[in-house]
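A.B. asks: Below: one structure in structure tokens.
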Amino acid sequence: EAGVAQSPRYKIIEKRQSVAFWCNPISGHATLYWYQQILGQGPKLLIQFQNNGVVDDSQLPKDRFSAERLKGVDSTLKIQPAKLEDSAVYLCASSPGTGGAKETQYFGPGTRLLVL
Amino acid sequence: AQKITQTQPGMFVQEKEAVTLDCTYDTSDPSYGLFWYKQPSSGEMIFLIYQGSYDQQNATEGRYSLNFQKARKSANLVISASQLGDSAMYFCAMREGGSGNTGKLIFGQGTTLQVKP
Chain A
1 EAGVAQSPRY KIIEKRQSVA FWCNPISGHA TLYWYQQILG QGPKLLIQFQ
51 NNGVVDDSQL PKDRFSAERL KGVDSTLKIQ PAKLEDSAVY LCASSPGTGG
101 AKETQYFGPG TRLLVL
Chain B
117 AQKITQTQPG MFVQEKEAVT LDCTYDTSDP SYGLFWYKQP SSGEMIFLIY
167 QGSYDQQNAT EGRYSLNFQK ARKSANLVIS ASQLGDSAMY FCAMREGGSG
217 NTGKLIFGQG TTLQVKP
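Chains A and B supply the protein sequences, listed in that same order.
Under the working numbering, the residue at position 45 of the first sequence is numbered 45, and the numbers go up by one with no gaps.
Under the working numbering, the residue at position 32 of the second sequence is numbered 148, and the numbers go up by one with no gaps.
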């Protein structure tokens, strides 16, 4: 079974530029998550989708970050305009169901973003 | 408030020895799950082991076991017979399962483990 796919793996941009990340979850997984991991810290949830709908985007900086999950499969996370503090690894994860306490999330390889 | 605490920023262990990575958590939700993930330098988070709050026995997965002490709110990871490939960052995470919770994972700060030959 193929895992969670993400691209690109690395991205370097200048501040105020825009960038987009793509995620393809494990086939059949209903729930998709985007996490931000700043160097030296644990990941922090940015947004959670269940199928097409947003379940939790309380920690998403909506003035610059946006995300969508068209047709309940692939997802794109966008930053516009980027700031220096957005330098981080962006991790996509998926889980089979609705996100209950027992449900394991499976992560992709992440996209390392450096904002100069 | 910090919900997951990993107090060991870095640990060393000799190859073939066992090592314990500490994790304490804080929640008032009676239904929750505890997870451990491994993150090698490549960056991917690899799921290792899961413990449910209602599970009576400690979870085990191969060389990994979870020392779950509910009253103390601790969920330490034990790695037996350490291998060089175990060198990585290890994260403890919790998911609260009560109504109103979306199921997001809350991560600790991580512990870097280095296995010495």
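Beta carbons: idealized from backbone N, C-alpha and C, even for Gly.
As the structure is a computational prediction, the values presented were derived from the model and not from experiment.
DSSP has G178 of chain B in a bridge; who is on the other side?
C.D. replies: According to DSSP, which records beta bridges pairwise, G178 of chain B is partnered with nothing at all.
A.B. asks: With DSSP collapsed to three states, give me the class of D74 of chain A.
C.D. replies: DSSP places D74 of chain A in coil when its eight states are reduced to three.
A.B. asks: Any idea which residues DSSP pairs Q50 of chain A with across the strands?
C.D. replies: Partner(s): A:T31, A:G53.
A.B. asks: Helix, strand or coil for G201 of chain B, going by three-state DSSP, please let me know.
C.D. replies: If DSSP states are grouped into helix, strand and coil, G201 of chain B belongs with the helices.
A.B. asks: Return no unless some Cβ of chain B is closer than 7 Å to the Cβ of P109 of chain A.
C.D. replies: Yes, because at least one Cβ of chain B sits closer than 7 Å to the Cβ of P109 of chain A.
A.B. asks: Which residues in chain B sit within 7 Å of G42 of chain A, going by Cβ to Cβ distance?
C.D. replies: Under the 7 Å cutoff, chain B gives F207, F223, G224, Q225, G226.
A.B. asks: Using only CA atoms, which one of B:Y148, B:T136, B:F163, B:A134 lies nearest to D171 of chain B?
C.D. replies: Comparing Cα positions, the closest option is B:Y148.
A.B. asks: Do we get a CB-CB distance below 7 Å when we pair E160 of chain B with the residues of chain A?
C.D. replies: Yes, E160 of chain B counts as interfacial toward chain A.
A.B. asks: When the Cα of Q48 of chain A is compared with those of A:R69, A:Q41, A:G40, A:S7, which residue comes out closest?
C.D. replies: If we check each option's Cα against that of Q48 of chain A, A:R69 comes out closest.
A.B. asks: List, in chain order, every chain A residue whose beta-carbon is nearer than 7 Å to that of G126 of chain B.
C.D. replies: By Cβ distance, chain A contributes nothing, its closest Cβ being about 11 Å from G126 of chain B, past 7 Å.
A.B. asks: So the beta strand (DSSP E) E68 of chain A belongs to, where does it begin and stop?
C.D. replies: Run containing E68 of chain A: 65-68, per the beta strand (DSSP E) assignment.
A.B. asks: Using 7 Å as the limit for Cβ to Cβ distance, is D74 of chain A near chain B?
C.D. replies: With 7 Å as the cut-off, D74 of chain A does not count as an interface residue toward chain B.
A.B. asks: If you measure between the beta carbons of I120 of chain B and G224 of chain B, is that distance less than 7 Å?
C.D. replies: Yes, Cβ-Cβ distance for I120 of chain B and G224 of chain B is below 7 Å.
A.B. asks: Determine, using beta carbons only, whether D137 of chain A comes closer than 7 Å to chain B.
C.D. replies: This structure cannot speak to residue 137 of chain A, because chain A is shown only from 1 to 116.
A.B. asks: Quick one: list the residues of chain A neighbouring F163 of chain B, beta-carbon separation under 9 Å, in chain order.
C.D. replies: Here the neighbours are T104, Q105, Y106, F107.
A.B. asks: Can you name the residues of chain B whose CB is closer than 7 Å to the CB of L60 of chain A?
C.D. replies: The contacting residues do not exist; L60 of chain A stays about 12 Å from chain B at best.
A.B. asks: List, in chain order, every chain A residue whose beta-carbon is nearer than 8 Å to that of K220 of chain B.
C.D. replies: Chain A residues near K220 of chain B: Y33, L45, Q48, D56, G99.
A.B. asks: Using the beta-carbon count (16 or more within 10 Å), is T143 of chain B buried or exposed?
C.D. replies: T143 of chain B should be labelled buried.
A.B. asks: Ordered along the chain, which non-local residues of its own chain (more than five positions away) have a Cβ less than 6 Å from that of P43 of chain A?
C.D. replies: The residues are Y35, Q37, L91.
A.B. asks: Which one of A:E14, A:Y33, A:A2, A:G108 has the shortest CA to CA distance from S87 of chain A?
C.D. replies: It is A:E14.
A.B. asks: Quick one: give me the first and last residue of the beta strand (DSSP E) that S58 of chain A is part of.
C.D. replies: Taken as a continuous stretch (DSSP letters only), S58 of chain A belongs to no beta strand (DSSP E), as it is neither H nor E.
A.B. asks: Start and end of the beta strand (DSSP E) containing C139 of chain B?
C.D. replies: Per DSSP, C139 of chain B belongs to no beta strand (DSSP E) and is neither H nor E.
A.B. asks: With A93 of chain A as the anchor, note down where its beta strand (DSSP E) starts and where it stops.
C.D. replies: Start and end: 88-95.
A.B. asks: Rounded to a whole number of angstroms, what is the C-alpha to C-alpha distance between L193 of chain B and A5 of chain A?
C.D. replies: Computed Cα separation, rounded: 28 Å.
A.B. asks: Which of the three DSSP states is assigned to E85 of chain A in this structure?
C.D. replies: Note: E85 of chain A maps to helix in three-state DSSP.
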